[in-house]
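Numbering (the UniProt record's numbering), first residue to last: 1 to 132.
Written as structure tokens, this is what we have:
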């Protein structure tokens with residue numbers, strides 16, 4: 001079942017990333033993602049709530065979703081980490097550009113124009129092994 005969920009997730013354009021708050025509740029956010037060597041890579045504004053929450057808790061949940069965040073599959077337990085080094089960020093950016101093509105390049109260009117590219121955070125998510 002876990003494998004089927006991952007296959008469904010990988011076919012989509014968005015995943016819902018649920019990050020844990022201090023009170024234990026999870027906050028879901030739809031994001032672009034790309035898969036590279038079994039890991040899921042995504043990006044966010046460096047000062048976004050999800051990035052702040054990831055600094056405190058690495059346990060997350062991911063699920064396939066629509067652009068509006070409506071889930072199209074079940075949750076998968078995972079571990080996330082912020083990519084603080086240039087090499088990790090380069091892997092993430094290359095994977096995202098391969099998947100989203102001109103849309104990612106346009107997003108990058110707009111981020112550069114607005115000065116947000118330098119403050120961008122890249123995230124690596126690794127699904128936990130299935131127990132079923």
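Beta carbons: idealized from backbone N, C-alpha and C, even for Gly.
Here residue 126 is bridged, per DSSP, to 79. Here residue 61 carries a strand assignment [DSSP, helix/strand/coil].
Distances from the CA of residue 18 to each of 37, 49, 5 were compared; the closest alpha carbon is that of 49.
Going by DSSP, residue 51 is part of no beta strand (DSSP E) but of the alpha helix (DSSP H) stretching over 49–56. Across the set 113, 103, 84, the C-alpha of 84 shows the shortest separation from the C-alpha of residue 121. If you check the CB distance, residue 60 and residue 78 come in under 7 Å.
In this model, residue 124 and residue 63 are separated by some 15 Å (Cα to Cα).
The continuous alpha helix (DSSP H) containing residue 96 extends over residues 86–100. For residue 45, the uninterrupted beta strand (DSSP E) segment begins and ends at 39–45.
Nearest neighbour of residue 70 by Cα position, chosen from 38, 14, 39, 44, turns out to be 14.
The shortest C-alpha to C-alpha distance from residue 44 to any of 89, 98, 128 is the one to 89.
Taking the Cα positions, residue 22 is about 35 Å away from residue 109.
Counted as a single uninterrupted DSSP element, the stretch harbouring residue 7 is not any beta strand (DSSP E) but the alpha helix (DSSP H) occupying residues 2–11.
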